[in-house]
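For the protein sequence lines, the chains are A and B, in the order given. If you read the first sequence in this note's numbering, its first letter stands for residue 146, the second for the next number, and so on. If you read the second sequence in this note's numbering, its first letter stands for residue 146, the second for the next number, and so on. Note that CB positions come from ideal geometry on N, CA and C, so glycine has one too. All figures in this text were calculated on a predicted structure; none of them were measured in a lab. Worksheet for the structure shown next.
Protein chains: 2
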Amino acid sequence: MTKPSRSAPRAVSGTKPAKAKPLALGDLTQLLGYSIRRAQLWIFKEFSRQLAAFEISPAQFSVLCVIDANPGVNQLAVAQLLSIERAGLGRLVDHLESRGLVRRTASAVNRRYYVLYLTEAGIALLARLRPAAAESDKALAAKIGPRAYKELRQALSIFVEDA
Amino acid sequence: MTKPSRSAPRAVSGTKPAKAKPLALGDLTQLLGYSIRRAQLWIFKEFSRQLAAFEISPAQFSVLCVIDANPGVNQLAVAQLLSIERAGLGRLVDHLESRGLVRRTASAVNRRYYVLYLTEAGIALLARLRPAAAESDKALAAKIGPRAYKELRQALSIFVEDA
DNA sequence: TATTGTTATACTCTATAACTATA
DNA sequence: TATAGTTATAGAGTATAACAATA
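Shown next, in the form of structure tokens:
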């Protein structure tokens, strides 16, 4: 596809966007799924802004949290808990290990297992990430209002509990 | 990184996952942002399941909806309305055009503009997509309950209105 | 000089299958 | 035979910059 050609036929619209022609989202406004999608994009942007200095993605943060809450957990369990493919999680842990945040140890009991711990550096970093993550969630609460925040927390908890 | 080696030192855990050691998400359960992320993943999966027969992604569906609601809209306006990069939207429209769902016409007024319309096939397909999309949103309503559904619709509408 | 759209590139995610080593 | 982890691969989405055509 190249640029619009001179042989343009009977097209009428596309004139001045400055005019009073507000665009409509159509059926999308009726779908909660679309609102949640847009909310999620906003949240990731806000999260990344808050944690930009640490170079930690939302997914990396979630893995650090789970290892912190379950010292000695194995990779597959983390992947299932977070609904991440185990192959993808392996690479994610690779990266965290190369940054010295996570320690991978072979299980003494079952040698198919890796056993994951946070390093001292990982624990220290997570201590700094936590308030930043809480800040980004506060920004979300400010955006939607405290009552809606509480309602949503309760309504959407089922998506993380049946993991 | 290879497999755990024989020289595994003093690792203790990672034994029998069948035992009663429920994994914890840690701080993640406190973050609404994480719940919304998980909810959004669930929704995309459900949407893809409902619309599998049509081979239409959520993003493609959203573009069809916007063109339908705004015949003669130009690409940049669609991109801004949906918060998609214009380069990415160009490829997306390429695909819809190659499937005969969207017609690209050069604007007679401003030749920098493309002017987008649904073709007859596009209109016909969208008529079949709409109930399927509504179905997937109903599945979401069933999952979280009708009251929460209404509350969320209102609380999250701000993310689509200030587009 | 600014704007619409395209192209190219790169990077991240995701999904899948095949492979190993262990059980 | 099944499981934990890795590797390789391909596809989608995203972000960026550079470019042509037009205003």
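Beta-carbon proximity check, residue i vs residue j, cutoff 9 Å
| i | j | result |
| --- | --- | --- |
| T264/B | V238/B | no |
| D189/B | A278/B | Correcting the residue type first, residue 189/B is Phe in the shown sequence and not Asp. Cβ atoms of F189/B and A278/B: not closer than 9 Å. |
| E242/A | R249/A | yes |
| L301/B | V218/A | no |
| A214/A | Q299/B | no |
| K288/B | I289/A | no |
| E296/A | E296/B | yes |
| Q94/B | Q225/A | The structure shown does not extend to residue 94/B, since chain B is modelled only from 146 to 308, so the question has no answer here. |
Residue from the options whose Cα sits closest to the Cα of residue i
| i | options | result |
| --- | --- | --- |
| G233/B | Q205/B, L177/B, R249/B, V254/B | Q205/B |
| L227/B | W187/A, K295/A, R257/A, V223/A | W187/A |
| Q220/B | G267/B, P276/B, Y259/B | Y259/B |
| A197/B | E280/B, I303/B, A214/B | E280/B |
| L274/B | R183/B, E200/B, K288/B | E200/B |
| R244/B | D282/B, L271/B, A266/B | A266/B |
| Y262/B | L285/B, H240/B, P216/B | P216/B |
| R194/B | A272/B, I229/B, D282/B | D282/B |
| R183/B | R236/B, E296/B, L285/B | L285/B |
| S202/B | H240/B, Q225/B, A222/B, I268/B | H240/B |
Residues that DSSP places opposite residue i in a beta bridge
| i | result |
| --- | --- |
| T250/A | V260/A |
| V218/A | L261/A |
Check: residue i C-beta below 8 Å from any heavy atom of the ligand COA
| i | result |
| --- | --- |
| V238/B | Looking for the ligand COA in the displayed structure turns up nothing, as the structure carries no ligands at all. |
Counting beta carbon pairs with one atom in the region 198-210 of chain A and one in the region 166-178 of chain B, are three or more of them shorter than 8 Å? yes
Three Cβ pairs or more, each shorter than 8 Å: is that satisfied between the region 251-259 of chain A and the region 176-184 of chain A? no
Which whole runs of the alpha helix (DSSP H) in the region 171-230 of chain A are 4 residues long or more, in chain order? 177-195, 203-214, 220-227
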